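See below for the structure under consideration.
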Amino acid sequence: GVIGQNILAFADTEYDLANGTVNLMKTEGCGGTNLAYWAQGKFYAMTPLLPGAYEMDRHIYAEGQVNGHTVKLMFDTGAPTTVMNRAAAERAGIDLSAPGVVESEGMGGIGRKQRRSWIVRLDSFELGGEQISHTPIRVIDENEQTFDVLVGADFFLSHHLFVSRATRRLFVTYNGGPVFSLTTDGEIGELSTRAEGNVASSGDAVPVDAAGFARRANARLSRRDWSGAVADFDEALRRQADQPEWLRGRAEAHGRLGDGAKARADFDRAVALAPDDPELLLRRGFGRAEDGDKAGALADADAAVARFPAGSFDRLKVLGLFERLHRPDRELALLDPIIALHKDDRMLGELLNTRCWARALANIALDQALADCSTAIRRDGPRGAYLDSRGLVRVRRGDWTGAIADYDAAIAANPKAAPSLFMRGWAKRASGAAEAGAADMAAARAIDPDVAERFVAAGLAG
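Heads up: the sequence shown begins at 686 in my numbering, then just goes up one per residue.
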């Protein structure tokens, strides 16, 4: 379920996601009071709330600045990442074709279609006296009229907010850690971005029970504080043992810290407690694949598929494990019925691209694979991932010229796409341009030393 603003706007609302809590409060006679009670005399940002777009609109709106230009912000904990509308970005002087701008994944907007998105670097983002300098932020190809920037969970996890409907003010303090870069590191590399001039924190209040420690542990997972998460899950499980959800969280943190043995032990224990939980089976399957236990990993993958609802997008979570196990037959058996059920969904382009990629890796049904990729490109535009998949289909068909053209376009969209660089080199070498091919492969390995490994099982080793 989703808790919406018809509940959250019933009273004043405190958002302390870094400690895993949201509180509803009723305040009276607080017009001149600092409601950031946790700040204890330290700096806090404060800004007026803006009215909603229509009479029953209860969303949280405030004014901010991007690169010195005024923008309208809408705050939404349900959005995993902060995004800026393209129209607002262009008004703020952001050039999406400038060097350093990275085309990102397609994102959902209004309606069924996926929108293009980019990661850009802002000079500054300001809210109520707090400034975040040189931060990455996502821009979506949307011309939303209600707001300019949708401020998502990445901001909430790094800040403590009090939304006072009674006084129509927003109070904010910075907790520390990454802000908008929380969700962009995987695409553009790790960046250290933080709020400047805002040093108040949510305090060092210690949870009082097992559930409190588990809530804080999950929040620390979201903020990538792996050691802190392990410590909190340890305490939660010490107070209340045999909770599969907490074991899964601790296993994830152990894995992020490189302790595979402890992660696997926690997953085994969690699956023993909840053998019908598909998420647990899937996570253990990835661990088994990492250990070389292909039979065990495949058994977990098949069991997870059987426990996810038929035709649901949840089943797509298993695709990565099937690909790691080099089982395109299982991938296609999973994809075909989902695509048949979701022909009008905005994710159709991504689904077609995934099926195109699976067929290309397996070197089967290449005409259908080419049709899938081409349909996805016509539907969603020339996204780098789609062009990369079609390039592989053309490699399989021996169409070196077409493959190189697709890889050229994919690399233009993302110059650090190591797989596209590697396979462009492969196509160049196959076409007779050995020196140029070797240069591309070397450039790909410089970005990702293990890039060739993903193509070995497909017979495309470098």
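Virtual Cβ for every residue (Gly too), placed ideally from N, Cα, C.
Keep in mind that this is a model prediction, so the values were computed, not measured.
- Taking all protein chains shown into account, do 16 or more other C-beta atoms lie within 10 angstroms of the C-beta of Met741, making it buried, or fewer, making it exposed? Translated into the one-based positions of the sequence shown, residue 741 becomes position 56. When all chains shown are included, Met741 counts as exposed.
- Do you know whose CA, among Ala730, Val787, Asp780 and Ile692, lies nearest Ala1098's CA? Numbered from its first residue, the sequence shown carries residue 1098 at position 413. Considering only alpha carbons, the answer is Val787.
- Roughly how many angstroms separate the alpha carbons of Gly1087 and Ser818, rounded to a whole number? Indexing the sequence shown from 1 puts residue 1087 at position 402. Indexing the sequence shown from 1 puts residue 818 at position 133. Straight-line Cα distance between these residues: approximately 42 Å.
- Task: Note down the Cα distance separating Arg1000 from Pro963, rounded to an integer number of angstroms.
- Result: Taking the first residue of the sequence shown as 1, we reach residue 1000 at position 315. Taking the first residue of the sequence shown as 1, we reach residue 963 at position 278. Near 9 Å, if we compare the C-alpha coordinates of Pro963 and Arg1000.
- Message: For Glu1035 and Arg900, what's the separation of their Cα atoms in angstroms?
- Response: Here residue 1035 corresponds to residue number 350 of the sequence shown, with the count starting at 1. Here residue 900 corresponds to residue number 215 of the sequence shown, with the count starting at 1. Roughly 33 Å between the two C-alpha positions.
- Task: Would you grab the beta carbon distance between Arg1009 and Arg968 for me? Rounded to a whole angstrom, and I think it's under 8 Å.
- Result: For the purposes of this step, residue 1009 is taken as residue 324 along the sequence shown, with counting starting at 1. For the purposes of this step, residue 968 is taken as residue 283 along the sequence shown, with counting starting at 1. In this structure Arg1009 does not touch Arg968 by the C-beta definition: roughly 13 Å separates them, more than the 8 Å allowed.
- What is the residue span of the alpha helix (DSSP H) that Leu966 lies within? Along the sequence shown, read from residue 1 onward, the residue named residue 966 stands at position 281. Leu966 -> alpha helix (DSSP H) spans Pro963 to Glu975.
- Residues in its own chain within less than 8 Å of Asp697 by CB, not counting five upstream and five downstream? For the purposes of this step, residue 697 is taken as the residue at position 12 of the sequence shown. Correct list, in chain order: Leu709, Met710, Lys711, Thr712, Leu720, Phe847, Val848, Ser849, Arg850 and Ala851.
- Task: Within the region 757-839, note down every full beta strand (DSSP E) run reaching 3 residues or more, in order along the chain.
- Result: 768-770, 802-806, 809-812, 815-818, 821-825 and 834-836
- Taking Cβ to Cβ, would you say Ile822 is nearer than 8 Å to Thr767? Walking along the sequence shown from the start, residue 822 turns up at place 137. Walking along the sequence shown from the start, residue 767 turns up at place 82. It is a contact, given that the beta carbons lie within the stated cut-off.
- Query: Based on the DSSP output, what are the partners of Gln750 in its beta bridges?
  - Reply: By one-based count along the sequence shown, residue 750 stands at place 65. In DSSP, Gln750 forms a bridge with Thr755 and Glu811.
- Query: When burial is assigned at 16 or more other CB atoms within 10 Å of the CB, is Thr718 buried or exposed?
  - Reply: Walking along the sequence shown from the start, residue 718 turns up at place 33. Burial call: exposed.
- Per-residue burial, Gln725 [other beta carbons within 10 Å of its own, 16 or more giving buried]: The count along the sequence shown starts at 1 and reaches residue 725 at position 40. Gln725 comes out exposed.
- In terms of alpha-carbon separation, which member of Tyr1092, Glu815 and Gly778 lies closest to Pro1067? Here residue 1067 refers to the residue found at position 382 when the sequence shown is read from its first residue. The shortest Cα separation from Pro1067 among Tyr1092, Glu815 and Gly778 belongs to Tyr1092.
- Please name the residue in Asp1125, Pro1104, Ala1102 and Ile1096 whose C-alpha comes closest to that of Gly1110. As a working note, residue 1110 is residue 425 in the sequence shown. The shortest Cα separation from Gly1110 among Asp1125, Pro1104, Ala1102 and Ile1096 belongs to Asp1125.
- Query: In whole angstroms, what separates the C-alpha of Glu699 from that of His845?
  - Reply: Walking along the sequence shown from the start, residue 699 turns up at place 14. Walking along the sequence shown from the start, residue 845 turns up at place 160. Spanning the two alpha carbons is a distance of roughly 8 Å.
- Task: In the DSSP assignment, find the alpha helix (DSSP H) that holds Tyr1151 and state where it starts and stops.
- Result: The requested residue 1151 is not part of the displayed model; the chain covers only 686 to 1147.
- Message: On the DSSP bridge list, what partners appear for Tyr729?
- Response: Position 44 of the sequence shown holds residue 729. Tyr729 is not bridged to any residue.
- Query: The alpha helix (DSSP H) spanning Glu1120 covers which residue range?
  - Reply: Residue mapping note: residue 1120 aligns to position 435 of the sequence shown, counting from 1. That run of the alpha helix (DSSP H) goes Ala1119 to Ile1132.
- Identify which residue in Ser866, Ala1095, Pro1134 and Met1032 has its Cα closest to the Cα of Pro765. For the purposes of this step, residue 765 is identified with residue 80 of the sequence shown, where counting begins at 1. Residue Ser866 is the option with its Cα nearest to Pro765.
- What is the rounded straight-line gap between the Cα of Leu758 and the Cα of Asn770? The residue you call residue 758 lines up with position 73 of the sequence shown. The residue you call residue 770 lines up with position 85 of the sequence shown. One C-alpha to the other measures close to 11 Å.
- Buried or exposed: which applies to Ile692, given that a residue is buried once 16 or more other Cβ atoms fall within 10 Å of its Cβ? Working through the sequence shown from its first residue, we reach residue 692 at position 7. With fewer than 16 Cβ atoms within 10 Å of its Cβ, Ile692 is classed as exposed.
- Message: Just to confirm before moving on: does the CB-CB distance between Ala904 and Ala1056 stay below 8 Å?
- Response: For this step, residue 904 is matched to residue 219 along the sequence shown. For this step, residue 1056 is matched to residue 371 along the sequence shown. No.
- Count the other C-beta atoms from every protein chain shown that fall within 10 angstroms of the C-beta of Cys715, then say buried if there are 16 or more, exposed otherwise. If you number the sequence shown from 1, residue 715 lands on position 30. With fewer than 16 other Cβ atoms within 10 Å, it is exposed.
- Query: When the Cα atoms are used, what is the spatial distance from Ile795 to Leu966?
  - Reply: For the purposes of this step, residue 795 is identified with residue 110 of the sequence shown, where counting begins at 1. For the purposes of this step, residue 966 is identified with residue 281 of the sequence shown, where counting begins at 1. Its pLDDT being 45, under 50, Ile795 is placed unreliably by the model, and the measurement read from it follows with that caveat. For Ile795 and Leu966, the distance between alpha carbons rounds to 34 Å.
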